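Here the structure comes first, spelled out in structure tokens, and everything after it is commentary.
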Amino acid sequence: MPSPPRSQPEIADILALASALEGEAQRGSRERALRDKRFAASLETATGDRCGQALAWLDAVEADDEAVGRLHQQAETALHVTELGLVALAILLGVGATLGAFYFDGSGRVNAVSVLAVLVVLPGLFLIPFSFAALPERIAQRLPGVRLAALLSRGGGAGRLAPLLWRVFPRELRDSLALLSGRLTRHQSLYAGLQKGMILRWSQLFALSFQLTVLIACLGLVVFSDLAFGWSTTLTSGDAALDAYRVHRVTSAIAWPWSGVLPDARPSLALIGESRYFRVVADSLSLTQAARLGGWWQFVVLTIGVYGLLPRLITLGFARFRLRASSRAVVSASPGLSALLRRLHRARVESIAVEPEANEAAVKTERAQPSAMGGGHIQVVLNWSGVPLDHTEITQLFPQASIHAAGGTATLAADKTLVEQLGCGTGEPILILVKGWEPPLMEFMDFLASLRRALGQPPPIIVLPVGLDETTGELPPASVDQLKRWRNKVAEIGDPWLRVASNLEEVQS
Amino acid sequence: MSTAPTFALVGHPNKGKSSLVSTLARDASVRVGPEPGTTIQAREFPLRIGGQLLYTLVDTPGFQRARAALEWMKQHETDAGSRAGVVARFVEVHAPDERFRHECELLRPLVAGAGLIYVVDGATPYGSEYDAEMEILRWTGQPSLAVINPIGAPRFVEPWRGALEQFFRVVRVLDVLEAPFDRQIDLLRAFGQLRDGWRDSVDTAVVALVNHRAQQADDAARGIAELVSSALTHREIKDIGRHDDPTHHTAALEQDYRGRLRQLENKARREVEGIYGFDDLDREEVDMTVLDTDLLSQESWLVFGLQKRDLVVAGATGGALVGGVVDVSLLGASFLAGSLVGGLVGGALGYFSSDRLAELKMLNQPMGGRRLRYGPTRNLQFPFVLLNRAVLHHAMVAGRTHAQRGRLILTQEGKVVPIATQSDGSTKQLSAVFTRLRRTDPGSTSWVAALAELTQIVADLMSRET
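Just so you know, the sequences run in chain order Y and D.
Using this note's numbering, the first residue of the first sequence is number 39, and each one after it goes up by one.
Using this note's numbering, the first residue of the second sequence is number 3, and each one after it goes up by one.
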């Protein structure tokens, strides 16, 4: 079953497409035309979606060209492995950070403030450079210092770890990614947005993986160890109840998003008061106290989830959206794509002749120079095929001539009888009036040939093509083009006593 | 199930059969000419969409000995019902006969079941010599349609219509050389209506051809938009030593810059011609009149450029757009002062703008030496001139049929009116897009969006022109 048409390119698609388009430029025009014809058949052209059409073409090329398909697969694998590597690094870092933050040797309590500072606040600070880096270029350019901050942010983002990972990749994967690095370098203006989008996406993927690991590790510690949370401060007001109240206000504010749904996940004032500890007073907790102090866990877990994980989900979604937009933009602007699509659209509709036009076999024509023959007295006028002149008009022009009709509605037998009748004539010239606007047909040529056979040589035969312009006299002349056409055709007979006249004067001369 | 029909174009020689095929099949390679018998052999033009055959047009030679052929047929006719068989027998018997070569060639597809399209010239009168051939065609018994193609002044269309309606159920008038696309499509639809079984196939073809035409316009609009974008951002660069005199290189850089702009325009023209299947358009034969003027000549700028008033509007729009970015950056704290000042400055620049195409800039290089940069152009007028020329060229190419030979002549002087100066807001819209294209990196999402917008505007302008 054919897969549905795609319209969203992945990075591997962009690499394979760039390679395939470069390959197209190397092909001969004939080979390219044949491929276009094949690929155009399955191309959906009515969508107007350049990206979708480019991807459809790429799919067809990959099925046809093993090298492009292999490159695509390798790039896809390499990019997946890159992401897996980044996720693995984030997991390691997350586990390390969680274990560090929750370090508990059994002699004291886990400081909830430190845990949240290390696992939520510190990673959260990286959202600031992300905001700079995510700003559209045209806005970043116009805000003082932002462009530099954005550059620095991108430079220091976790996404920059990716090229380091590539160094340990197998050679074939490295090669496919080298193409990516190469293109990013060579076509900086085209791929800058894509590069930025990739770094942003990888950075957010790393951050999300980190926060997810922290959350899971935290839950793991809650489930599999006995955590007793507490808080401590040097900045005391001197009144323990007031200190606890202040901390309670802060925790309540933090817990506001979920306090309506999970009221137990907001530490109570009593719990906060109980949770305060001083290192110098190394009091040991009773079992009941320790169990009560563990009541912080919901607050800690939800704080990590809401303030650590959730923003990263949003930023990853945003980075993914930006990368998708950049990918589509890059595909749409790929060098050579417009020319390719033009060719494919054209190849989809075939309407021209399959076979070349046949050339007329060299017809042997006996062109002869007409003899210097005078018109003399025209004794016979033939109206061929119904030249629109009536009998009276012709009689006025040629008072001594007999007038006959041939061709047109006359039967072939009637023409034959007429020819035989004329063959018994006096040898005076014969004038044939023809429609100048009609082409000389072979049946007229047949008639001329039979007439000559009947007459013998030389009674002259004069063909007078008549034109359509009634304003030019009783016998309007044919146009120059029409005359040329008649002269050329009549000359093929090779009869020296046959000529084409252009007007009455020429007939008489 | 619908089968792909065949339509044979038949008739007297030199009445435009090949021209009609050339137009409908969009094949400029068909030999057409005033000499009788230019077509000597039936030639098929299959229409395939995505590889699927939808119909076939057959160009045929004209009748040469119609009376003799009819006489033979009459001699062999037994009754009215046998006429189609007699025609088939005529073809069979006379296949090797050189005398009836043309008749056999033109009757063969009809005997095989093709629809009959009879073509006559509406600029010349009906005559009795047509009777025999029309009688033979009637004998074939095939569904038929007559096309009156006036090769010149259509003086005899009505007499022809009267004569043809006695022989043919459907009679259409179409100037094959000038037929606009819509008329061509109408005629094709009429072909499909000749027989029920043919309709689906022809209708499918018509839909595909209409879509293809729209695709051609889109491709051309995109090509023109890319031309404008490339021309707007093009720059010529030369690295020189620290002690080199830059004035020695200025003229060469300017010349290269101008040459490149002309090349871009020529390339875009070839592309547009290619889109419409005119790859082999004879450049020497084609007279583009006003388009033959040099892109950067004063004459061209006078014809295709903006008026002073429009330049001010264009400048103000571009300036306001730039200022607007500042307003956005300051989150509105500027109270739109950026747009206002930008608009005023832009408008003033538009009013006082020089004819200078681009500026030479000298940039110091970090590793020593200097870089000379000519362009990109900031001239307000230039993109309008380029665009107007491109849209006009497109109108001429898209309006040309493949039957036309020789010179391409711009007959409607009105078309020379610069499109972008029409008072419909397109000047402002274009000016804003030009500004965005100048200020964004090729390949960025903003650039792609601006290019898409320009493509749409160009498509709208083109649809108005064609």
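Glycine is no exception: its CB is placed at the ideal position from the N, C-alpha and C atoms.
It should be emphasised that the depicted structure is a prediction, and the values quoted were computed from it without experimental measurement.
is_contact[residue i, chain Y] using C-beta, thresh 8 Å
{"i": "Arg45(D)", "result": "yes"}
{"i": "Ala392(D)", "result": "no"}
{"i": "Ser232(D)", "result": "no"}
{"i": "Glu131(D)", "result": "yes"}
{"i": "Leu176(D)", "result": "no"}
{"i": "Ser31(D)", "result": "yes"}
{"i": "Gly52(D)", "result": "yes"}
{"i": "Asp221(D)", "result": "yes"}
{"i": "Asn16(D)", "result": "yes"}
{"i": "Ala70(D)", "result": "yes"}
{"i": "Thr447(D)", "result": "yes"}
{"i": "Gln367(D)", "result": "no"}
{"i": "Leu49(D)", "result": "yes"}
{"i": "Gln257(D)", "result": "no"}
{"i": "Leu11(D)", "result": "no"}
Sequence-distant residues of its chain with Cβ nearer than 8 Å to residue i (five each side left out)
{"i": "Ser313(Y)", "result": "Arg147, Ala150, Phe267, Gly268, Trp269, Pro305, Leu331 and Trp334"}
{"i": "Glu79(D)", "result": "Arg85 and Val88"}
8 Å Cβ cutoff, residue i in contact with chain D
{"i": "Gly66(Y)", "result": "no"}
{"i": "His383(Y)", "result": "yes"}
{"i": "Lys454(Y)", "result": "no"}
{"i": "Trp335(Y)", "result": "no"}
{"i": "Pro295(Y)", "result": "no"}
{"i": "Ser376(Y)", "result": "yes"}
{"i": "Pro426(Y)", "result": "yes"}
{"i": "Leu55(Y)", "result": "no"}
{"i": "Glu395(Y)", "result": "yes"}
{"i": "Ala78(Y)", "result": "yes"}
{"i": "Ile432(Y)", "result": "no"}
{"i": "Val387(Y)", "result": "yes"}
{"i": "Arg358(Y)", "result": "no"}
{"i": "Ser169(Y)", "result": "no"}
{"i": "Val159(Y)", "result": "no"}
Same chain, Cβ closer than 7 Å to residue i, five either side skipped, listed in chain order
{"i": "Val153(Y)", "result": "Ala139, Phe140 and Val338"}
{"i": "Gly18(D)", "result": "Val121, Asp123, Asn151, Ile153 and Val178"}
{"i": "Tyr283(Y)", "result": "Leu307"}
{"i": "Gln431(D)", "result": "Ile459"}
CB-CB length for residue i against residue j, believed under 8 Å
{"i": "Ala291(Y)", "j": "Gly132(Y)", "result": "About 26 Å; that fails the 8 Å criterion."}
{"i": "Ile342(Y)", "j": "Leu202(Y)", "result": "Ile342(Y) to Leu202(Y), Cβ: 28 Å. No contact."}
{"i": "Arg174(D)", "j": "Ala192(D)", "result": "6 Å"}
{"i": "Asp184(D)", "j": "Ile390(Y)", "result": "With 8 Å as the limit, Asp184(D) and Ile390(Y) do not qualify as a contact, their Cβ atoms being about 21 Å apart."}
{"i": "Leu11(D)", "j": "Thr62(D)", "result": "6 Å"}
{"i": "Ala550(Y)", "j": "Leu157(Y)", "result": "Because chain Y spans 39 through 547 in this model, residue 550(Y) falls outside it and cannot be assessed."}
{"i": "Leu218(Y)", "j": "Leu53(Y)", "result": "6 Å"}
{"i": "Trp294(Y)", "j": "Ala303(Y)", "result": "With a Cβ gap of about 11 Å, Trp294(Y) and Ala303(Y) do not count as contacting."}
{"i": "Leu232(Y)", "j": "Ala357(Y)", "result": "Not confirmed; about 12 Å, so no contact."}
{"i": "Gly325(D)", "j": "Ser341(D)", "result": "4 Å"}
Cβ shell of residue i (< 6 Å), same chain only, five flanking positions each side left out
{"i": "Gly154(D)", "result": "Ala125"}
{"i": "Val69(D)", "result": "Per the sequence presented here, residue 69(D) reads as Arg, with Val not at that position. Answer for Arg69(D): Ala134, listed in chain order."}
{"i": "Phe436(Y)", "result": "Ile416 and Val419"}
{"i": "Ala539(Y)", "result": "Ile500, Leu502 and Val545"}
{"i": "Phe436(D)", "result": "Pro385"}
{"i": "Ala443(Y)", "result": "Asn421"}
8 Å Cβ cutoff, residue i in contact with chain A
{"i": "Met480(Y)", "result": "Here the protein chains are Y and D, and chain A is not one of them."}
Whole runs of the alpha helix (DSSP H) within the segment 55-103 of chain Y, excluding any shorter than 4 residues
67-78 and 88-102
Restricting to runs no shorter than 4 residues, where is the alpha helix (DSSP H) found entirely within the segment 278-344 of chain Y?
278-292, 294-297, 307-313, 325-331 and 335-341
Would you say the segment 520-539 of chain Y touches the segment 467-482 of chain Y, given that touching needs at least three Cβ pairs under 8 Å?
yes
Could you give the uninterrupted runs of the alpha helix (DSSP H) lying entirely in the segment 89-155 of chain D, keeping only those of 4 residues or more?
103-113 and 131-142
Report the start-end ranges of each alpha helix (DSSP H) in the segment 144-204 of chain Y that is 4 residues or longer and not cut off at the edges.
150-154, 160-163, 165-172, 175-178, 184-194 and 199-204
Alpha helix (DSSP H) runs wholly inside the segment 222-270 of chain Y, at least 4 long, in chain order
226-262
Determine contact between the segment 343-352 of chain Y and the segment 235-254 of chain D, defined as no fewer than three beta-carbon pairs at a distance below 8 Å.
no
Count the C-beta pairs between the segment 95-102 of chain Y and the segment 113-121 of chain Y that are closer than 8 Å, then say yes if the count reaches three, no if not.
no
Does the segment 445-459 of chain D come close enough to the segment 348-367 of chain Y that 3 or more CB-CB pairs lie under 8 Å?
yes
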